[in-house]
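**Student:**
Chains as they are written, first to last, in my numbering: chain H, 412 to 538; chain Z, 412 to 538.
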């Protein structure tokens, strides 16, 4: 029986993308919400001025490749490079201040306890 | 307020370790079990002959750096390098057949719905 699998570094663009590219790798439904694992690919994008992500669930983020600056509300921007990770608690506002425009930045995000839209139930969605 | 954070590639050994090194990065308790995110550092270790991991919860694994071979029960060994990930479903036996003995292999593992021992409740355990 095959299992969901892939490579985070496969198919990276040689130039800039018009938008960040979000790809759900796997999703496991639980009664307390989904655990959703996602690749995010940035090629210079940043959150719009004044925009904050404000999520009701914990999010673990890891920079696999590239460079970025992430800001948590009330803090200076953090510069992140390969291997850097942080756990953003539910309710902690945050924004992407900058990503490297010269090469793709590959993130892994683990959303823990994300609300499950009716159509997204299930698991092992592959990409 | 500071959040759990670190770098997966920090403090890598220059030589071999006597054993694999398992470090819990974060842990979030939920009524359905914990979501535990772990760094695993291998320097040539492999599962003993005939040994299989047999877990009652899903595990997402990613090779961040290095090289390894992983075997799922009933399959040939899979060779994994940087960026390779797979989702090992609950109940699917697996073993580490080989890790590169010449340089550290850094894994990220996300254990989804792992049973919570009484002493391990809580979250944000940092390392």
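Even glycine gets a Cβ: it sits at the ideal position worked out from N, Cα and C.
1) Report yes or no: is there a C-beta of chain Z within less than 7 Å of the C-beta of residue 494 (chain H)?
2) Rounded to whole angstroms, what's the CA-CA distance from residue 418 (chain Z) to residue 450 (chain Z)? Just pull it up for me.
3) Please decide whether residue 479 (chain H) counts as near chain Z, where near means a Cβ-Cβ distance under 7 Å.
4) Run through the segment 413-465 of chain H for me and flag every whole beta strand (DSSP E) of 3 or more residues, listed as ranges in chain order.
5) Going by other Cβ atoms of all chains shown within 10 Å of its Cβ, with 16 needed for buried, is residue 523 (chain H) buried or exposed?
6) Which residues, in order along the segment 498-510 of chain H, keep a beta-carbon less than 8 Å from a beta-carbon of chain Z?
7) Considering Cα atoms alone, identify which of H:509, H:469 and H:513 is closest to residue 497 (chain H).
8) Give a yes or no on whether 7 Å exceeds the smallest Cβ distance from residue 531 (chain Z) to chain H.
9) Kindly give me the distance between the Cβ atoms of residue 517 (chain H) and residue 466 (chain H), rounded to whole angstroms, as I take these residues to be in contact under 8 Å.
10) Please report the residue range of the beta strand (DSSP E) in which residue 525 (chain Z) lies.
11) Taking C-beta pairs closer than 7 Å, name the residues in chain Z that residue 471 (chain H) reaches, listed in chain order.
12) Residues in the same chain with beta-carbon distance under 7 Å from residue 509 (chain Z), minus the five sequence neighbours each way, listed in chain order, please.
13) Quick check: the Cα distance between residue 506 (chain Z) and residue 499 (chain Z), rounded to an integer number of angstroms?
14) So with CB distances below 9 Å, who are the chain Z contacts of residue 526 (chain H)?
15) Below 6 Å CB to CB, which residues in the same chain sit around residue 471 (chain H) once its five sequence neighbours on both sides are set aside?
16) Report back the beta-carbon spacing between residue 473 (chain Z) and residue 515 (chain Z) to the nearest angstrom; my notes put them in contact at under 8 Å.
17) At least one CB of chain Z closer than 7 Å to the CB of residue 474 (chain H): is that the case?
18) How would you list, in chain order, the residues of chain H whose beta-carbon sits under 7 Å from the beta-carbon of residue 432 (chain Z)?
19) Look at the alpha carbon of residue 437 (chain Z) and the alpha carbon of residue 494 (chain H), and state the distance between them as a whole number of angstroms.
20) If you run the structure through DSSP and keep just helix, strand and coil, what is residue 513 (chain Z)?
**Tutor:** Once the coordinates are examined:
1) By this cut-off, residue 494 (chain H) is an interface position.
2) Using only the alpha carbons, I get a separation of about 10 Å.
3) Not closer than 7 Å to any Cβ of chain Z, the Cβ of residue 479 (chain H) fails to qualify, so no.
4) Counting only runs of 3 or more, we get 416-418, 432-439 and 445-453.
5) By the neighbour-count rule (16 or more Cβ atoms within 10 Å), residue 523 (chain H) is buried.
6) Correct list: 498, 499, 500 and 503.
7) Here the closest residue by C-alpha is H:469.
8) With a pLDDT of 47 at residue 531 (chain Z), under the threshold of 50, the modelled position of that residue is not reliable, and no figure is offered here.
9) Residue 517 (chain H) to residue 466 (chain H), Cβ: 21 Å. No contact.
10) It spans 516-525 - the beta strand (DSSP E) in which residue 525 (chain Z) sits, taken as one unbroken run.
11) Per Cβ cutoff of 7 Å: 437 and 448.
12) Around residue 509 (chain Z): 457, 479 and 480.
13) Going from the Cα of residue 506 (chain Z) to the Cα of residue 499 (chain Z) covers about 11 Å.
14) None at all; the shortest Cβ gap to chain Z is about 14 Å.
15) In chain order, 498 and 521 place their CB closer than 6 Å to the CB of residue 471 (chain H), counting only its own chain and leaving out the 5 sequence neighbours on each side.
16) 15 Å between Cβ atoms; not a contact.
17) Residue-level contact check: residue 474 (chain H) does not touch chain Z, since none of the beta carbons of chain Z fall below 7 Å from its beta carbon.
18) Those do not exist, as residue 432 (chain Z) stays about 15 Å from chain H at its closest Cβ, beyond 7 Å.
19) Going from the Cα of residue 437 (chain Z) to the Cα of residue 494 (chain H) covers about 15 Å.
20) Looking at residue 513 (chain Z) - three-state DSSP - the assignment turns out to be coil, as it is neither helix nor strand.
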